[in-house]
Amino acid sequence: MTGTRIISSWTDEKDVKIDLIEGTQKVECRFYQLPIRPGRQVMFELWMFDGALLDQIENARILDVVEGNISGFSNRADQGVVICNYDWRFEKA
């Protein structure tokens, strides 16, 4: 799968330090309100970096984006990938 990276999440950006120890651990990252237009696919890539790449899982998960509550927004394929909240304003010159 190929495409454009639309978001990323790094522990450094949130000042989160994860010290791994031997054994099984769980790390969770949640994204909130990421309105992607229906008809797209989203691919997740996971990687661990500590000055050098330690581990990487390409195509860890691929999800189809389905119709949701996007009232008033187009789902045309030629429109942008992400739906954002915006307003228009018109003033006569």
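Under the working numbering, the residues of the sequence shown are numbered 2 to 94, in order.
Where a beta carbon is used, it is the ideal one built from N, C-alpha and C, also for glycine.
Being a predicted model, the structure only gives us computed values, none of them experimental.
In the three-state reduction of the DSSP assignment, E68 falls in the coil class. For Q42, the uninterrupted beta strand (DSSP E) segment begins and ends at Q42 to F50.
Straight-line spacing of the CA atoms in G52 and K27 works out to 22 angstroms. Between R41 and V66, the C-beta spacing is below 8 angstroms. Between the alpha carbons of L64 and T3 lies a gap of roughly 14 angstroms.
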